[in-house]
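Undergrad: Start counting the sequence shown at 1; every next residue gets the next number (full-length UniProt numbering).
Glycine included, every Cβ here is placed at the ideal spot set by N, Cα and C.
None of these values were measured; they are calculated from a predicted model.
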Amino acid sequence: MAQEIAHTDGSNGGANPNAAQYRMDKWAMIKTFLFRLIFTYFIFNLFRRNPTPTPPGKSAAPAQSSNILMKDEALDMFVYLTETPQMTNYSDPSLLFWHLEGLRYGNWEDGEARDGSYTKTAILKASENLKNNGSMYIHVYFVLPGFSPDPDSEEKYSKQYTFSASK
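1. Are residue 79 and residue 108 touching if we call contact CB-CB under 8 Å?
2. Hey, out of 63, 140 and 155, whose CA is closest to residue 166's CA?
3. Taking buried to mean at least 16 other C-beta atoms within 10 Å of its own C-beta, is residue 142 buried or exposed?
4. How many angstroms separate the CA atom of residue 161 from the CA atom of residue 144?
5. Following the continuous beta strand (DSSP E) through residue 35, name the residue where it begins and the one where it ends.
6. Residues in the same chain with beta-carbon distance under 8 Å from residue 112, minus the five sequence neighbours each way, listed in chain order, please.
7. Looking only at DSSP bridge pairs, what is residue 137 linked to?
8. Do you know offhand how far residue 85's Cα is from residue 55's?
9. Under 8 Å Cβ to Cβ from residue 68, same chain only, skipping five residues before and after it: list those, please.
10. From the DSSP output, read off the bridge partner residues of residue 114.
11. Helix, strand or coil: how does DSSP classify residue 101 here?
12. Using the Cβ count rule (16 or more neighbours within 10 Å means buried), how would you classify residue 124?
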């Protein structure tokens, strides 16, 4: 088995004549770099989300937030216990579990233990619905003194100053 050996005559110094083809000049490198840069820019812009335009007449700056109530402002608390997720019958006195008057907003030194908390313990009579795997809901309302959590009492109800949560 004979092995073939490539012979060079040594006149070109052993350099490959095609090497000049692969060598780029400076302008070709700059053009390639700029093409890749622009291509990448357009690809990234395809995936970028456009900002939503603000409707005319509305300012884009959000309003500064502040507390509605001042520290130590008085509040009344109403706690209702019902078997429905929404509180609708405010006039039924049997649903009112607890009513506290004169609570002070932001005061952490009131209450029996002087830690800002109040507790109430009671024994409740379970209805037939509760005995048959029913649910009990608690509805807590904080209102300004003299106001009512009942939306039907028009002159004593303020939606702005009624704070509630249900569980």
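TA: For this structure:
1. Within the sequence shown, numbered from 1, the residue matching residue 79 stands at position 79. Within the sequence shown, numbered from 1, the residue matching residue 108 stands at position 108. Result no, Cβ atoms of residue 79 and residue 108 do not sit closer than 8 Å.
2. On the sequence shown, position 166 is the one that residue 166 refers to. Comparing Cα-Cα distances from residue 166 to each of 63, 140 and 155, the minimum goes to 140.
3. Locating residue 142 in the sequence shown gives position 142, where the first residue counts as 1. Its Cβ being crowded by 16 or more others within 10 Å, residue 142 is buried.
4. If you number the sequence shown from 1, residue 161 lands on position 161. If you number the sequence shown from 1, residue 144 lands on position 144. If I take the Cα positions, the gap works out to 7 Å.
5. If you number the sequence shown from 1, residue 35 lands on position 35. Looking at the DSSP string, residue 35 is not in any beta strand (DSSP E); the run it does join, the alpha helix (DSSP H), is 26 to 47.
6. As a working note, residue 112 is residue 112 in the sequence shown. Same-chain partners within the cutoff: 118 and 119.
7. On the sequence shown, residue 137 is found 137 positions in, with the first residue counted as 1. In the DSSP output, where bridge partners are listed per residue, residue 137 has 82.
8. One-based indexing of the sequence shown puts residue 85 at position 85. One-based indexing of the sequence shown puts residue 55 at position 55. If I take the Cα positions, the gap works out to 38 Å.
9. As a working mapping, residue 68 is identified with position 68 in the sequence shown. Here the set comprises 160 and 161.
10. Translated into positions along the sequence shown, residue 114 becomes position 114. DSSP output for residue 114 lists no bridge partner at all.
11. Start at 1 with the first residue of the sequence shown, and residue 101 comes out as number 101. Three-state DSSP puts residue 101 in a strand.
12. Here the question's residue 124 lines up with position 124 in the sequence shown. Its Cβ having fewer than 16 others within 10 Å, residue 124 is exposed.
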